[in-house]
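Our numbering applies: residue 19 is where the sequence shown begins, and numbers increase by one.
Glycine is no exception: its CB is placed at the ideal position from the N, C-alpha and C atoms.
Model, not experiment: these values are computed from the prediction.
Each remark here refers to the structure printed beneath this line.
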Amino acid sequence: MAEATANGLGQHALHAGHAHEAPAAVTHADVHQEHPIKLYLVVWAWLFILSTCSYLVDYFGLHGYLRWSLILIFMILKAGLIVAVFMHMAWERLALAYAIILPPILVLVFVTMMVFEADYTLFTRLAFFGAGP
């Protein structure tokens, strides 16, 4: 029966053999990570705190840009925690992380550009065509 021996930092190598035998060469396919339950409890606590803060924004009756800015900040922080820990993105290669995280960031950049372009387009229409009927 295969038994696990500690290989450092929560990684365990599975190899066939007994405890008194010298460990065989460990291949990459035989190594897996085990994360401590404390990590998941800390992330759960942070998600609870961020959700509470998000609800407190409505409870205190904040309005306008401050309300929406705070709600979006809390939402992005919660999504980042979920992606990093529960989807194991914190332990993935950098290329895979960029493939998942970079597109939403670029979408936000393009939406910001469209917001500024919308004002320019509106002012150009008002300058050339007037205020309307």
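Separation of residue j from residue i, as counted between CA atoms
i, j, result
"Phe104", "Glu110", "12 Å"
"Val127", "Ile119", "13 Å"
"Asp138", "Met131", "Looking at the sequence itself, residue 138 is Tyr, so the reference to Asp does not match. Distance between the alpha carbons of Tyr138 and Met131: 11 Å."
"Val61", "Met93", "14 Å"
"Trp86", "Glu135", "21 Å"
"Lys56", "Leu80", "35 Å"
"Leu59", "Phe141", "52 Å"
"Gly148", "Ser72", "43 Å"
"Pro54", "Phe78", "37 Å"
"Leu90", "Glu52", "32 Å"
"His158", "Thr70", "Coverage of the chain is limited to positions 19 through 151, which leaves residue 158 absent and any answer about it impossible."
"Val121", "Leu84", "In the sequence under discussion, the amino acid at residue 121 is Pro, which differs from the Val named in the question. Their backbone Cα atoms lie some 26 Å apart in a straight line."
"Gln29", "Gly82", "Reliability fails at Gln29, whose pLDDT of 47 lies under 50, so the model's placement of it is uncertain and no value is given."
"Phe146", "Ala113", "48 Å"
"Leu144", "Val125", "28 Å"
"Ile123", "Val133", "16 Å"
"Asp76", "Val129", "26 Å"
"Ala63", "Ala115", "24 Å"
Rounded distance between the beta-carbons of residue j and residue i, thought under 8 Å
i, j, result
"Lys96", "Leu68", "5 Å"
"Leu153", "Leu99", "Since the first residue of the chain shown is 19 and the last is 151, residue 153 is not available in this structure."
"Ala117", "Ala108", "With a Cβ gap of about 15 Å, Ala117 and Ala108 do not count as contacting."
Residue i Cβ short of 8 Å to the ligand ZN heavy atom set
i, result
"Pro121", "As far as ligands go, the structure on display features none, and thus does not contain the ligand ZN."
(request) Note down, one range per segment and in chain order, each alpha helix (DSSP H) of at least 4 residues found wholly within the segment 82-117. (result) 82-99
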